[in-house]
Amino acid sequence: MQLIYLFAIAFLNSIDNIGIGVAYSVAGIRVKLFSNIILATLAFGVSFISALSGKLLTNFISAEACSIISMILLTLMGVNLIFSAIYKKESIGVHNVKELKYMDAFYIGIALALDDIGGSVSSALLGYSPFMISLPFFIISLAIFSFGNYTLKYTSKFKLGNTPTIVAGVMMILLGISQMFG
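Just so you know, this note's numbering puts 1018 at position 86 of the sequence shown, and the rest follows in order with no gaps.
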């Protein structure tokens, strides 16, 4: 059950990554394996450092306070996902680029990994291992950009818009609230 929770948090935090992966596919941008590894490694690294910070906090505050902070973080992240989806502009102006450059992968990786901080700290506050928290972020990030072109085949048929991000936000809020009962 713990592994399912960690993958759920990593997946929900990676909704932006999925959007970027699909956007690159639409724009005809291929994410090379090394660029994909850069993206996934950054997701792992930021998540690991965040989880270590959360683990450190558990030495200073009670288990009940950790659960409350975790609930608040997850709920705020969910609300943020919902509001960002509602107020987000629809287009990414990247055209005429056929492969993602390594430096671009680094900058995009940092930007996307920063979204992982709240989930990582929150999971560490609940007592999960920093490595086990970070591993799902690595795996999911790697998978998202590996299968970006395949995702396009299915999502282009449906006009989903920001609905997946809103659903992820609601699920994040529900996961946060569930911390008080788990």
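Each residue gets a CB set at the ideal place from its N, CA and C atoms; glycine is no exception.
Whole-angstrom C-beta distance between alanine 972 and glycine 1074, which should lie under 8 angstroms: Per the sequence shown, residue 1074 should be read as leucine rather than glycine. Leucine 1074 to alanine 972, Cβ: 4 angstroms. Contact.
Candidates Ser982, Ser994 and Cys998, of which the one nearest leucine 1058 by Cα: Cys998
Touching by the beta-carbon criterion (3+ pairs, under 8 angstroms), the segment 1062-1074 and the segment 1000-1010: no
6 angstroms Cβ shell around alanine 942 - same chain, five flanking residues per side excluded: Pro1068, Phe1069 and Ile1072
One or two residues paired with glutamate 996 in a DSSP bridge: None; glutamate 996 has no bridge partner.
Whether glycine 1051 touches asparagine 949 by CB criterion (7 angstroms): no
Cβ neighbours of isoleucine 1042 in the same chain (closer than 7 angstroms, five flanking residues each side left out): Leu974
Nearest to serine 1061 (by Cα), restricted to the options Phe980, Gly953, Ile970 and Ile936: Phe980
Outcome for phenylalanine 1077 when other beta-carbon atoms lying within 10 angstroms are tallied against a minimum of 16: buried
Within 7 angstroms, strictly: CB atoms of serine 1055 and leucine 1005: no
Beta-carbon spacing of glycine 1101, glycine 977 below 7 angstroms: no
Proximity below 7 angstroms, CB of alanine 1017 to CB of isoleucine 1098: yes
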